[in-house]
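In my numbering, the protein residues as written are 19 to 469.
Note that CB positions come from ideal geometry on N, CA and C, so glycine has one too.
1) Looking at the secondary structure, which residues open and close the beta strand (DSSP E) in which residue 371 lies?
2) Excluding the 5 residues flanking residue 454 on each side, which residues of the same chain have their C-beta closer than 8 Å to its C-beta?
3) Since residue 165 is in the alpha helix (DSSP H), which residue starts that stretch and which ends it?
4) Where does residue 360 fall in DSSP's three states?
5) Buried or exposed: residue 88, going by 16 or more other Cβ atoms within 10 Å of its Cβ?
6) Can you name, in chain order, every residue of its own chain whose Cβ lies under 7 Å from the Cβ of residue 19, other than the five neighbours on each side?
7) Three-state secondary structure (DSSP) at residue 281?
8) Return the residue from the list 86, 198, 69 that minimises the CA-CA distance to residue 119.
9) Enumerate in chain order the residues of its own chain whose CB-to-CB distance from residue 364 is below 7 Å, with the five nearest sequence positions on each side excluded.
10) How is residue 467 classed by DSSP in three states: helix, strand or coil?
11) To the nearest angstrom, how far is the alpha carbon of residue 51 from that of residue 278?
12) Since residue 83 contacts residue 131 with CB under 8 Å, what's their CB separation in whole angstroms?
13) Between 162, 187, 111, 66, which has its C-alpha nearest residue 152's C-alpha?
14) Kindly indicate if chain D contains any beta-carbon less than 9 Å away from that of residue 452.
15) Of all the beta strand (DSSP E) runs that stay within the bounds of the stretch 232 to 312, which reach a length of 3 or more residues?
16) Which of the three DSSP states is assigned to residue 214 in this structure?
17) What are the boundary residues of the beta strand (DSSP E) that includes residue 225?
18) I believe residue 175 touches residue 149 by the beta-carbon criterion, under 8 Å. Please report the beta-carbon distance rounded to the nearest angstrom.
19) Rounded to a whole number of angstroms, what is the C-alpha to C-alpha distance between residue 161 and residue 183?
20) Leaving out five residues on either side along the sequence, give the residues of the same chain with a beta carbon under 7 Å from the beta carbon of residue 212.
21) Determine the closest residue to residue 47 out of 450, 164, 444, with distance taken between C-alpha atoms.
22) Identify the residues that DSSP records as bridge partners of residue 394: which are they?
23) Check the DSSP bridge columns for residue 149 and list the partner residues they point to.
24) Using beta-carbon positions only, say whether residue 231 and residue 276 come within less than 9 Å of one another.
25) First and last residue of the beta strand (DSSP E) that includes residue 344?
26) Measure the alpha-carbon distance for residue 173 versus residue 136 and round it to whole angstroms.
27) Find out if the Cβ-Cβ distance for the pair residue 334, residue 80 is shorter than 9 Å.
28) Rounded to a whole number of angstroms, what is the C-alpha to C-alpha distance between residue 467 and residue 427?
29) Give the secondary structure of residue 402 by DSSP, where H, G and I count as helix, E and B as strand, and everything else as coil.
30) Would you identify the three-state DSSP class for residue 319, choosing helix, strand or coil?
31) Of all the options 101, 77, 368, 134, which has the alpha carbon lying nearest to the alpha carbon of residue 125?
32) In the DSSP assignment, find the alpha helix (DSSP H) that holds residue 436 and state where it starts and stops.
33) Would residue 368 and residue 348 be called neighbours here (beta carbons separated by less than 9 Å)?
34) Are the stretch 352 to 364 and the stretch 403 to 422 touching, with three or more C-beta to C-beta distances below 8 Å?
35) Hey, how far is the Cα of residue 186 from the Cα of residue 419?
36) Determine the direct distance from the alpha carbon of residue 233 to that of residue 406, and round the result to whole angstroms.
Structural data, given as structure tokens:
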């Protein structure tokens, strides 16, 4: 018997809003990605990164190049770069890679941006060769490269297959021409469908990114998009709500009715869940939907830190973040400065966050409740030598009373309602100083940066 959809009344929303409390003004990434969602960096130019003593790491590779900037984008990107600059940038990343110990096992690689497939296929090939020569793959985790419909080619796909990359994640956002125009996407719906077919025929796994809450978008148009991609054979979709940076063009173009406040957000998320289920997809994480009868069901994300908050992720490229030990490092966000530092044998690091104990406690929450798994209260106490209820008594009581989390023996779980608002629930476990920082940063952001 099918599960009845969750129904929420106005009284429910009043109760939920009270339990959640006021949201931080801005989050820079999904709430479970702490501290990337609240990057209170300290400027420390050219700081050397900690070298890990372990035998494995996760790698993020930042390719900043794009053919254009979308109206919702506030990441560190480069538009209109010529091949000569790309060649120099790739050489710089290859040199930065020498910071790692040769032979260190690579648990997973994610190549993002920007748009990695704007990089010429031979340059992408050279870069991947350098990575895998130095960091041999370990385990069954799938390596991922992002793409866009108008930039990916057969040559790119040939490179990815030969190098052992298993999955292409393609940012599409919508198949509606009017919506694409409003967010300044320059590909057409047909280009997206053609690119999907190209990837599927190559034998690589294909994930598509869709967004909801875009200007001009309706639930009916979103369902058409999802159905068209399902009919094509797409194996998984990542579905996000529009995350606003107040200094991007799209933020100023949304009407009050188009902004996703608590009730509108819940209606959209319920609709997305129902649509995915009806079209044969299962929700495996908060924003991830997969066909469980395909190879995509086996794809998982390798962790980048342990339960105590010690990290083992290396990031290369401009603006890339490394989480090594209890420090998060961020490279310079401008390509010329990044390249110049590498070429002059200086560290490309520009900023860092030294994670305090309260940061690591928050990470424990975000990597459990914030990532779709129960929170083990005994493990928390073993890790930090203090009960969870002592550290988080106030938000714990509010969220329990509000029906957003529940306790089963020694575990905390999100309720069905809590799962709808997983990110807002997670924010309640952020350190107070970080929430204050987020609110103070609302008017301080610069366009075109990824703080």
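Let me spell this out:
1) 367 to 372
2) none
3) Element bounds for residue 165: not the alpha helix (DSSP H) but the beta strand (DSSP E), 162 to 165.
4) helix
5) buried
6) Note on residue 19: pLDDT 43, under 50, position unreliable in the model; the coordinate value appears next. Contacts found: none.
7) helix
8) 69
9) 64
10) Residue confidence for residue 467 is low, a pLDDT of 43 falling below 50, so the modelled location carries little weight and cannot support an answer.
11) 21 Å
12) 7 Å
13) 111
14) Chain labels in this structure do not include chain D; a single protein chain is all it has.
15) 254 to 259, 300 to 303, 306 to 308
16) helix
17) 223 to 230
18) Between residue 149 and residue 175 the Cβ distance is about 18 Å, and since that is not below 8 Å, they are no contact.
19) 5 Å
20) none
21) 444
22) 429
23) According to DSSP, residue 149 bridges with nothing at all.
24) yes
25) Counting along the chain, residue 344 falls outside any beta strand (DSSP E), and DSSP gives it neither H nor E.
26) 12 Å
27) yes
28) Reliability of the predicted coordinates at residue 467 is poor, the pLDDT of 43 falling under 50, and the value obtained from them is presented with this limitation in mind. Each residue's alpha carbon lies about 44 Å from the other.
29) helix
30) coil
31) 77
32) 434 to 438
33) yes
34) no
35) 42 Å
36) 41 Å
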